[in-house]
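In my numbering, the protein residues as written are 188 to 406.
By construction, the Cβ of each residue, glycine as well, lies at the ideal position given by its N, Cα and C atoms.
Just so it is clear, the structure is predicted and the values come from calculations on it, not from any experiment.
Some notes on the structure that comes next.
In structure tokens form, the structure reads like this:
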């Protein structure tokens, strides 16, 4: 695999996101290597984007988003899942606040290490279809064994366990790229910054955000 150069990520995320489709993300561990060809991603603009984790400023959780491009930002969500992003060009937001943009990796087709990916995903006797192994951001991280230990990993260098690049002959590069609203966000939900390979079976199902109901206050 030929790794993507850092300059590839030194652009706004909305430019990087569609160019990542058809690229390969691989994670190498002591158990082996699992690789996916990316089929669905989402762009987040950073300090000017209310749906971005960088919107409210730098914290311990999102510190990687304020660093150089080409690094992985991994976060824990819903108390049970990990999601992985690739940091892109920084930007200046409201009141001069800075924050990097990023691309959330939402789905991919397993092209190497399917047996290992399947063992990480299997929690019952039910057989998981190949298309569902990395179909969705949490499933993608489970299949590849990605967790917070990889937060900050440099995806542009050969020595990193988490790498992103291009395959020899990515068959899906000629597929039509579709765009639409981002999934599960309540702020700036109308912005069509989700990109996917049209007709690919590994693309996740669109679900709009569901407003959280507040518990009634007992007098």
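- The beta carbons of residue 354 and residue 211 sit closer together than 7 Å.
- As far as DSSP is concerned, residue 298 takes part in no beta bridge.
- With three or more CB-CB distances shorter than 8 Å, the stretch 262–277 counts as touching the stretch 191–208.
- Taking residue 304 as the centre and dropping the five residues before and after it, the same chain places the C-beta of 221, 297, 320, 330 closer than 6 Å to its C-beta, in chain order.
- Within the stretch 221–257, complete beta strand (DSSP E) segments of at least 3 residues are not found at all.
- From the listed residues 242, 253, 268, the smallest Cα separation to residue 328 is found for 268.
- The beta-bridge partner set that DSSP reports for residue 277 consists of 287.
- Per DSSP, the continuous alpha helix (DSSP H) segment holding residue 330 begins and ends at 324–331.
- Cβ contact annotation for residue 238 (same chain, cutoff 7 Å, sequence separation greater than five): 231, 369, 372, 374, 375, in chain order.
- The residue from 342, 389, 380, 377 with its alpha-carbon nearest to that of residue 214 is 342.
- Sequence-distant Cβ neighbours of residue 307 in its own chain, meaning closer than 7 Å and more than five residues away, are 329, 330, 332.
- CA-CA distance, residue 300 to residue 207, rounds to 21 Å.
- Closest in alpha carbon position to residue 205, among 189, 367, 216, 240, is 367.
- When DSSP reads this structure, residue 341 sits in a beta bridge with 258.
- Judged by their CB atoms, residue 203 and residue 290 are nearer to each other than the 7 Å cut-off.
- For residue 313, the three-state secondary structure derived from DSSP is coil.
- In the structure shown, the three-state DSSP call for residue 365 is strand.
- Counting along the chain, no alpha helix (DSSP H) covers residue 392, and no H or E run does either.
- Excluding its 5 nearest sequence neighbours in each direction, residue 322 has C-beta neighbours in its own chain below 7 Å: 294, 389, 391, listed in chain order.
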